[in-house]
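Participant: Okay, here's the structure, questions in a sec.
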Amino acid sequence: MASLISDQLAPTMRIAFFGTPELAVPTLDALVAVGHEVSAVFTRPKQRRHRRGEPVSTPVASAANELGLNVIEVTSAQEIETFLADKNIEVGVVVAFGLILTPSIIALPRLGLLNLHFSLLPRWRGASPVQHAILAGDTETGVCVMQLEEGLDTGPVRAKAVFPVDPQSTTGSLFDSLSQIGAGLMTEVLAAPEEFTPEPQSGEISWAPTLKVDDFRIDVQRPAKEIEKMVRAGNPQPGAWMTVSGNRVKIEKAHVGDTQVDLGVIDKHAHLGTASGALALDVVHPQGRKSMSGVAWLAGLRTEKVQVDT
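Written out as structure tokens, the structure is:
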């Protein structure tokens, strides 16, 4: 396969791009910047950000429109297959698309589909690899350019880059870094794919299923260290949260404190008592209000301590 690619590859390629959120935009920008012909940009349909608001285009759609590219909003794999059937696409590039691509679509481009995955495969296969890496206390993560196949993130890896996870890393900060690194890695692979032979994944497999809002509800029966990881994994979305007197409060930033507080109580210094240690609530976002320091929030409640709802 490598020799076939080497013999037939043009300096630039006709590409179909598949992506939806903001973290996919750097790769799209990079493909255009190096001169590839992005013939089609597939993305998910417009959605309302608020219940009564107007539908809003995905970040990828907005970026593609600014670049003058052909944007196709799709809800099914069949729409993609119909469009690509006669387009002579050489390769597809997939970054957080949000729709399962069928084997018939994978087979359409001459070089198949290359997926940018935000972990060091086979660790954290699935939809939420960065969040799970933080929750697990991983000290490093990374990105892989993977040859897409029918299985969930099981394809052979063409290239990877390692990136550290420090004690302050959030999902947002890691995505900011990894999306840029991944964009560069993808363009390197496309510039000389014959030099990046697909290698079967090796090592221990772990899974990163989709995390929902309820997965980020704070349980004070857990240690402060675990809750602090949850806060970072949930930042910026959906956010680790708790309720106080029936009102939801998101915790945007926190650290493990060096004091002792009764279980489930938040003291006047905005320290939350947990099963092991206290969690200092540095920045909170009370329902219907703006973000503020934990101390300012407590002061506004005009009380020296509050009890978290269970």
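Mapping of the sequence shown onto the working numbering: residues 56 to 365, in sequence order.
Cβ atoms here follow ideal geometry from the backbone N, Cα and C, with glycine treated the same way.
Only a predicted model underlies this, so the values are computations on that prediction, with no experimental measurement involved.
Given a cut-off of 9 Å, decide if residue 363 and residue 282 are closer than it, judged by their beta-carbon atoms.
Facilitator: Contact flag unset, no.
Participant: So, are the CB atoms of residue 352 and residue 327 less than 9 Å apart?
Facilitator: In this structure, residue 327 does not lie closer than 9 Å to residue 352 by Cβ.
Participant: If the criterion is Cβ atoms closer than 9 Å, does the pair residue 150 and residue 79 meet it?
Facilitator: In this structure, residue 79 lies closer than 9 Å to residue 150 by Cβ.
Participant: For residue 334 and residue 317, I'd like the C-alpha separation in whole angstroms.
Facilitator: Cα-Cα distance, rounded: 11 Å.
Participant: Could you check whether the Cβ of residue 238 sits closer than 8 Å to any heavy atom belonging to the ligand COA?
Facilitator: This structure lacks the ligand COA, and indeed carries no ligand of any kind.
Participant: Take residue 87 and list the residues in its own chain whose beta-carbon comes closer than 7 Å to its own, dropping the five residues that flank it on each side.
Facilitator: 93 and 122.
Participant: Could you check the C-alpha separation between residue 238 and residue 358 for me, to the nearest Å?
Facilitator: Whole-angstrom Cα-Cα distance: 49 Å.
Participant: Out of 164, 129, 134 and 157, state which residue places its alpha-carbon closest to the alpha-carbon of residue 142.
Facilitator: Of 164, 129, 134 and 157, the residue nearest in Cα terms is 164.
Participant: Return the residue from the list 131, 133, 95 and 130 that minimises the CA-CA distance to residue 120.
Facilitator: Taking only the C-alpha atoms, the option nearest residue 120 is 95.
Participant: Just verifying my parser: in three-state terms, what is the DSSP assignment at residue 75?
Facilitator: Three-state DSSP puts residue 75 in coil, outside helix and strand.
Participant: When DSSP labels each residue in this structure, what does residue 124 get in the three-state scheme?
Facilitator: It is coil, neither helix nor strand.
Participant: With distances taken from CA atoms, which of 341, 98, 219 and 115 is nearest residue 174?
Facilitator: The residue with the shortest Cα to Cα distance from residue 174 is 219.
Participant: Assuming residue 241 is part of the alpha helix (DSSP H), what are its boundary residues?
Facilitator: 226-246 is the extent of the alpha helix (DSSP H) around residue 241.
Participant: Tell me where the alpha helix (DSSP H) around residue 263 begins and ends.
Facilitator: First-last for residue 263: undefined, no H or E at that position.
Participant: Please give me, in chain order, every unbroken run of the beta strand (DSSP E) with length at least 3 that falls completely inside the stretch 124-152.
Facilitator: With a minimum length of 3 residues, the continuous beta strand (DSSP E) runs that stay inside the stretch 124-152 are 126-128 and 146-150.
Participant: State yes or no: is the C-beta of residue 169 within less than 9 Å of the C-beta of residue 185?
Facilitator: No, these two residues do not count as a Cβ contact at 9 Å.
Participant: When we look at the beta-carbon of residue 307 and count the other beta-carbons within 10 Å, is it buried (16 or more) or exposed?
Facilitator: With 16 or more other Cβ atoms within 10 Å, it is buried.
Participant: Am I right that residue 198 and residue 236 are in contact with their C-beta atoms under 8 Å? What's the rounded C-beta distance?
Facilitator: About 6 Å separates the two Cβ atoms, so the contact holds.
Participant: Which ranges does the alpha helix (DSSP H) cover as unbroken runs of at least 4 residues, wholly within the stretch 75-104, from first to last along the chain?
Facilitator: You should have 80-88.
Participant: Quick check: residue 97 and residue 71, are their CB atoms within less than 9 Å of each other?
Facilitator: Result yes, Cβ atoms of residue 97 and residue 71 sit closer than 9 Å.
Participant: Can you check which of these residues, 136, 140, 129 and 148, is closest to residue 91 by C-alpha distance?
Facilitator: Nearest C-alpha to residue 91: 148.
Participant: Closer than 9 Å, CB to CB, is residue 222 near chain C or not?
Facilitator: As a matter of chain content, chain C is missing from the structure shown, which is built from one protein chain.
Participant: Go to residue 216, then tell me how far its alpha helix (DSSP H) extends in each direction, as first and last residue.
Facilitator: Per DSSP, residue 216 belongs to no alpha helix (DSSP H); it is in the beta strand (DSSP E), 212-219.
Participant: Would you call the stretch 217-232 in contact with the stretch 277-292, where contact means no fewer than 3 C-beta pairs closer than 8 Å?
Facilitator: Taking 8 Å as the limit for Cβ pairs, the verdict is that the stretch 277-292 does touch the stretch 217-232.
Participant: Using only the alpha-carbon positions, how far apart do residue 59 and residue 67 sit?
Facilitator: For residue 59, the pLDDT reaches just 34, beneath the cut-off of 50, and the residue's location in the model is therefore unreliable, leaving the point undetermined.
Participant: Drop a sphere of 10 angstroms on the beta-carbon of residue 115, count the other beta-carbons inside from all chains shown, and report buried for 16 or more, exposed for fewer.
Facilitator: By the 10 Å Cβ count, residue 115 comes out buried.
Participant: Applying the criterion that 16 or more other CB atoms from any shown protein chain within 10 Å of the CB defines a buried residue, is residue 231 buried or exposed?
Facilitator: Label assigned to residue 231: exposed.
Participant: Which residue's Cα is closest to the Cα of residue 262: 156, 172 and 365?
Facilitator: Answer by Cα proximity: 172.
Participant: State buried or exposed for residue 73, treating a residue as buried only when at least 16 other CB atoms are found within 10 Å of its CB.
Facilitator: Buried.
Participant: Are there 16 or more other CB atoms within 10 angstroms of the CB of residue 159, so buried, or fewer, so exposed?
Facilitator: By the neighbour-count rule (16 or more Cβ atoms within 10 Å), residue 159 is not buried but exposed.
Participant: Using the C-alpha atoms, what's the distance from residue 275 back to residue 221?
Facilitator: The alpha-carbon atoms of residue 221 and residue 275 are separated by roughly 24 Å.
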